[in-house]
Amino acid sequence: MGPLDLLNHLLNFVAPALVLGATLAYLAPVFMKNRAVARTHTAQAAINFIVGMLALVAGLVFFGRDGKMLSYAALVLAVASSQWWAMRR
């Protein structure tokens, strides 16, 4: 595998965490208007992205391959928990 193929695989691996983390960070204040935002949207998106990547890596280590639905379920739960923790007061 060449370096461009490796980069493509890595970007495709972290793409769900990036999209979910950023979407949740930027849309959470719209749906939860009574809550104060603990950090900036960019910081929340970065924290959500890191937590999501950790969930995906844990799924990869546990199952031995990427793309299992349980890994994506863990991604959603981990990122949602991270966002909830960041918005609690």
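Counting from 1, position 63 in the sequence shown corresponds to residue 401 in our numbering; the numbering is continuous, with no gaps. Ideal Cβ positions, reconstructed from N, Cα and C, are used throughout, including at glycine. Remember, predicted model here, so these are calculated numbers, not experimental data.
Straight-line measurement puts the Cα of Val368 at about 43 Å from the Cα of Met339. For Met425, the three-state secondary structure derived from DSSP is helix. For Asp343, the enclosing alpha helix (DSSP H) stretches over residues 341–369. If you check the CB distance, Gly359 and Phe401 do not come in under 8 Å. Taking the CA atoms as reference points, Leu356 sits about 15 Å from Gly405.
Around the beta carbon of Met407, fewer than 16 other beta carbons lie within 10 angstroms, which makes this residue exposed.
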